[in-house]
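Asker: Be aware that the sequence shown starts at 11, since it is given in the numbering used here, and climbs by one per residue.
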Amino acid sequence: MTDRLPVAVIGAGMSGIACARVLHHHKIPFQIIDRGRVVGGRMASRTIRDSGTAFDGHITDIGASYFTVQDPQFGLIVNSWIESGVARAWTDTFHVATPTGISGVRAGTMRYSATQGLRSILEHQVQGLPEHSVKPSTEVTSLSVTDGMVLVDNEKFGAAALCLPEPQAKKFVDENLIDIHNTLDEISWDAVIAVTSVFETEQLPQFDGVFVNEHPVLTWIANDGHRRGNNDPVVVAHVHPDLAALHLLEPSAVIPTVIDSLLPLLGLMKHPQWSSAMRWTYAKPTSARADLCFFDEEVGLGLAGDSWAGGPKVEAAWLSGHALGQQISQWWQK
Ligand SMILES: Cc1cc2nc3c(=O)[nH]c(=O)nc-3n(C[C@H](O)[C@H](O)[C@H](O)COP(=O)(O)OP(=O)(O)OC[C@H]3O[C@@H](n4cnc5c(N)ncnc54)[C@H](O)[C@@H]3O)c2cc1C
Numbered sequence: 011m012t013d014r015l016p017v018a019v020i021g022a023g024m025s026g027i028a029c030a031r032v033l034h035h036h037k038i039p040f041q042i043i044d045r046g047r048v049v050g051g052r053m054a055s056r057t058i059r060d061s062g063t064a065f066d067g068h069i070t071d072i073g074a075s076y077f078t079v080q081d082p083q084f085g086l087i088v089n090s091w092i093e094s095g096v097a098r099a100w101t102d103t104f105h106v107a108t109p110t111g112i113s114g115v116r117a118g119t120m121r122y123s124a125t126q127g128l129r130s131i132l133e134h135q136v137q138g139l140p141e142h143s144v145k146p147s148t149e150v151t152s153l154s155v156t157d158g159m160v161l162v163d164n165e166k167f168g169a170a171a172l173c174l175p176e177p178q179a180k181k182f183v184d185e186n187l188i189d190i191h192n193t194l195d196e197i198s199w200d201a202v203i204a205v206t207s208v209f210e211t212e213q214l215p216q217f218d219g220v221f222v223n224e225h226p227v228l229t230w231i232a233n234d235g236h237r238r239g240n241n242d243p244v245v246v247a248h249v250h251p252d253l254a255a256l257h258l259l260e261p262s263a264v265i266p267t268v269i270d271s272l273l274p275l276l277g278l279m280k281h282p283q284w285s286s287a288m289r290w291t292y293a294k295p296t297s298a299r300a301d302l303c304f305f306d307e308e309v310g311l312g313l314a315g316d317s318w319a320g321g322p323k324v325e326a327a328w329l330s331g332h333a334l335g336q337q338i339s340q341w342w343q344k
């Protein structure tokens, strides 16, 4: 084991950053690598710009909608985010709809959001790490194991934590790592397209979110103004995975179909002033393991993310990344 080389953490989403924070706690050197310009992964927030509406500057959640808390350890860290003003308790009540319209209201567990968008939580998490912990805009294209080292695009590491959707990891992991590939092949993933729309101020009915059941176009509608806490008339609708899969090459082509479904469901007469589509080819695993993560001590390679820890959600990603960080730390200290 080459225990002086750093650990490569591939992915700066919730699981990768949770993993890195544990490594940092144990004083283990690491480098987070992400192909994105900024941290966040699927906890993605985008600022509306050049919309021609009065709501340029509104920060929209275009990936995960909210998160929930069950695990007490995750609850502790969420409380710290709330205390520092990053996260907020949003709502415990959503509407429910069928293709014919809103059919009721369902109260449930508390859903949490972030005043500056969910991505800001991960920016906050990174602030506790050393400077330059994250190498952005760097797409990993190859990963292999040789002489007890992990080579990530020919850079040497002592171990690697793959904290990203399996189909994305499969693209760069050496085919000779058969056990890793077999694990990466276990679960399939659904696509989602998130369509953000800005309406006229006075138009929106009072709702936080709508679970849309048995609808061929929509699965979920979020009132992003309520989620943000500023009441801006911004709505994010998620497209059914089967329809999303047909529009991955040109996501904006699905916008008219989404609006045609959205207007009657929300009882709106006027079309939005502006809409935009975001594609998630690997939005959610179709199932998830109960195991927290995977770590192969022989080769120093681990897997974490929301296809572990009961996924597919933000809390599972945190639990999984945190557990992988602990496993790598124990292995490192042997
Ligand atoms: C549309 C949508 C709605 C959702 N709604 C909810 C919800 O309401 N509640 C909830 O709890 N969860 C929700 N989720 C799921 C939640 O977003 C995820 O569970 C969580 O964010 C996963 O974090 P992660 O770190 O495992 O993966 P990701 O956030 O996907 O992080 C992986 C990172 O790896 C990077 N990467 C990929 N390939 C490479 C490469 N080759 N080289 C370098 N970097 C690479 C990516 O840029 C990304 O930053 C939703 C997800 C989507 C997409």
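Glycine is no exception: its CB is placed at the ideal position from the N, C-alpha and C atoms.
1. Name the DSSP bridge partner or partners of T108?
2. Where do the N-terminal and C-terminal ends of the beta strand (DSSP E) with W290 fall, by residue?
3. On the CB-based measure, 16 or more other CB atoms within 10 Å of its CB, does M80 come out buried or exposed?
4. Just to check my reading of the structure: I338 and G315 have Cβ atoms closer than 8 Å, yes? What is that Cβ distance to the nearest angstrom?
5. So what's G310 in DSSP terms, helix, strand or just coil?
6. Looking only at C-alpha atoms, which of I27, V17 and V309 sits nearest to Q135?
7. Is G178 a contact residue of ligand 1, with contact defined as CB to any heavy atom under 8 Å?
8. Should the segment 258-270 be regarded as contacting the segment 233-240, the criterion being three or more beta carbon pairs within less than 8 Å?
9. Output needed for T12: all residues of its chain with C-beta closer than 7 Å, excluding positions within five of it in sequence on either side, in chain order.
10. Does the contact criterion of 3 or more C-beta pairs under 8 Å hold for the segment 273-282 versus the segment 132-147?
11. Can you give the beta carbon distance from V208 to P282, rounded, assuming they're within the 8 Å contact cut?
12. Measure the beta-carbon distance from V244 to H36 and round it to whole angstroms, keeping in mind my assumption that it falls under 8 Å.
13. Below 9 Å between beta carbons: does that hold for W199 and S75?
14. Per DSSP, which residues does A247 bridge with? Please list them.
15. Please confirm whether A30 and G50 have their CB atoms less than 9 Å apart.
Answerer: With the given structure in hand:
1. T108 pairs with G111.
2. That run of the beta strand (DSSP E) goes W284 to P295.
3. In the sequence as displayed, the identity of residue 80 is Gln instead of Met. Classification of Q80: exposed, given that the 10 Å Cβ count is below 16.
4. Their Cβ separation, rounded to whole angstroms, is 15 Å, which puts I338 and G315 out of contact at 8 Å.
5. Three-state result, G310: coil.
6. Shortest Cα-Cα distance from Q135 to any of I27, V17 and V309 involves I27.
7. Just to set this straight, residue 178 is Gln in the shown sequence, not Gly. In this structure, Q178 has its beta carbon less than 8 Å from a heavy atom of ligand 1.
8. For the pair of segments examined, the segment 258-270 was found not to touch the segment 233-240: the number of CB pairs separated by less than 8 Å stays below three.
9. Its pLDDT being 43, under 50, T12 is placed unreliably by the model, and the measurement read from it follows with that caveat. Here the set comprises G158, M159 and G168.
10. With the cut-off at 8 Å, the segment 273-282 and the segment 132-147 do not touch.
11. That pair is a contact at about 6 Å.
12. Not a contact, Cβ separation roughly 42 Å.
13. No, Cβ-Cβ distance for W199 and S75 is not below 9 Å.
14. The partner list for A247 (beta bridge, DSSP) reads V205 and I231.
15. No, the pair does not count as a contact, with Cβ atoms beyond the cut-off.
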